[in-house]
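At position 305 of the sequence shown the residue is numbered 292 (our numbering), and the sequence of numbers has no breaks. Here a beta-carbon is modelled for each residue, glycine too, at the ideal position from N, C-alpha and C. Treat the numbers as computed from the prediction; the structure is a model and nothing was measured.
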Amino acid sequence: MTANPIRTRFAPSPTGAQHVGNARTYLVSWLLARSRGGEIRLRIEDIDSPRIKPGAMEQALADLRWLGLDWDGEPVVQTHRLPLYEAALDELKRQELVYPCTCTRSDIAAAASAPHAEHEGPVYPGTCANRSAADAGQLVVPFAWRFRVSTSPNFEDEFAGPQRIDLKQLGGDFVVWKNTGTPAYQLAVVVDDAEMKISHVVRGDDLLPSTPRQILLDRALDLPVPTFAHLPLVVGEDGRRLAKRHGDTRLSALRDGGMKPEALVGLLAWSCGWLENVRPITPRELLPRFDLATIPRTPFVLTAAQLRQIGYP
Ligand SMILES: [Zn+2]
-12 MTANPIRTRF APSPTGAQHV GNARTYLVSW LLARSRGGEI RLRIEDIDSP
38 RIKPGAMEQA LADLRWLGLD WDGEPVVQTH RLPLYEAALD ELKRQELVYP
88 CTCTRSDIAA AASAPHAEHE GPVYPGTCAN RSAADAGQLV VPFAWRFRVS
138 TSPNFEDEFA GPQRIDLKQL GGDFVVWKNT GTPAYQLAVV VDDAEMKISH
188 VVRGDDLLPS TPRQILLDRA LDLPVPTFAH LPLVVGEDGR RLAKRHGDTR
238 LSALRDGGMK PEALVGLLAW SCGWLENVRP ITPRELLPRF DLATIPRTPF
288 VLTAAQLRQI GYP
């Protein structure tokens, strides 16, 4: 036993079904922890409440169990933890690191002239940045809380290597509390990972741009920065993110169609370089084969032929 045992987490969002791409990330997260005698916690990221589908949480747990992945302790549910996030927001207000922002989406789009990254939206033009936290008391329209980005921390990703992401070019000051009165993803994740003592965050590399923001919040709140491992996504044969047009790759659909979980785990293990050929295997049997370094740096292209090979219904 080491002094600081590794601890990872599964963080399914109940806004959509878990698919093959999620399964690959969960498998790596599980193997990283279990291969080093560590723990895995489970967190349900349900603060985005309007889009939560009924029964989706139970479905996510059933998907993980079907894959043969277990976790430690009770699931942590974000909507049960609002006071924790509120305390973090209060601390950011106290330090004047956040300000109330009344801009609408169209205000920001109209004020921003520079071209911007497709998924990030325009760079926030700083319209409300001259407000202090106390100015919120005078506002009569809904407002969000925005974090002042003063620097873009570089970081070393355990899988993807050194990262330099310029937050001033990528969104600028970002929302930590929505104008609907709920915490934004960035703040909730930072508070949760610290409170749950997560040492290693394994997730898709679509979240790389979130990481410097989360490091800024960690620093502001005096929280430890976890180790990150951002993995390439699973894509369809057209190179695009898995979606309906690639067929039904929801885990629940594969399960209901009679696919054996060992068959899917075998395909994913092969895609990560742990098996020479695709063959059925359980996560536990993969423990001695696990190696983060053998995972290809490029997205895993999931083909219809591969799916048929493992019993796609
Ligand atoms: Zn604003």
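If contacts are defined as beta-carbon pairs under 8 Å, then residue i and residue j qualify, I think. What distance do you get, rounded to the angstrom?
i       : j      : result
His217  : Arg190 : 6 Å
Thr198  : Phe215 : 6 Å
Ala250  : Pro267 : 5 Å
Gly55   : Val252 : 7 Å
Leu274  : Ser22  : 5 Å
Arg81   : Arg30  : With a Cβ gap of about 27 Å, Arg81 and Arg30 do not count as contacting.
Pro(-8) : Gly24  : 7 Å
Asp153  : Ser139 : 5 Å
Would you kindly check if the distance between the Cβ of residue j and the Cβ of residue i is under 8 Å?
i      : j      : result
Gln5   : Asp33  : no
Leu126 : Pro87  : yes
Ile95  : Tyr72  : no
Ala207 : Leu79  : yes
Val162 : Leu203 : no
Arg28  : Arg52  : no
Arg284 : Trp261 : no
Asn166 : Pro196 : no
Pro308 : Asp180 : Residue 308 falls outside the range modelled here, since the chain spans only -12 to 300, and no answer is possible.
Val64  : Trp132 : no
Arg11  : Leu194 : no
Gly8   : Leu229 : yes
Asp144 : Gly113 : no
Gly245 : Ala291 : no
Ile282 : Phe134 : no
Leu238 : Trp164 : no
Asp59  : Glu26  : yes
Gly124 : Gly158 : no
Residue i bridges to which residues according to DSSP?
i      : result
Pro149 : Glu143
Pro109 : Paired residue(s): none; Pro109 is not in a bridge.
Ile27  : Thr(-5)
Tyr86  : Arg133
Arg237 : His6
Pro170 : Trp164
Phe287 : Val221
Arg228 : Val222
Val63  : Arg30
Assign residue i to one of two classes, buried (16 or more other C-beta atoms within 10 Å of its C-beta) or exposed (fewer than that).
i        : result
Val188   : buried
Ala280   : exposed
Ala(-2)  : buried
Gly141   : The amino acid at residue 141 is misidentified as Gly; the sequence shows Asn. With fewer than 16 Cβ atoms within 10 Å of its Cβ, Asn141 is classed as exposed.
Ser16    : buried
Arg92    : exposed
Ser119   : exposed
Arg227   : exposed
Thr(-11) : Because the pLDDT at Thr(-11) is just 47, under 50, the model does not fix this residue reliably, and the value given afterwards should be weighed accordingly. It counts as exposed.
Pro1     : buried
Val177   : buried
Asn117   : exposed
Pro70    : exposed
Val288   : exposed
Pro248   : buried
Pro286   : buried
Gln173   : buried
Pro211   : exposed
Pro170   : buried
Ala47    : buried
Ala97    : exposed
Ala74    : exposed
Asp192   : buried
Could one say the Cβ of residue i lies closer than 8 Å to chain B's Cβ atoms, at least one of them?
i     : result
Met44 : Any reference to chain B falls outside this structure, which holds one protein chain only.
Suppose only complete runs of 3+ residues qualify. What are the beta strand (DSSP E) ranges in the stretch 175 to 222, listed by chain order? 187 to 191, 214 to 218
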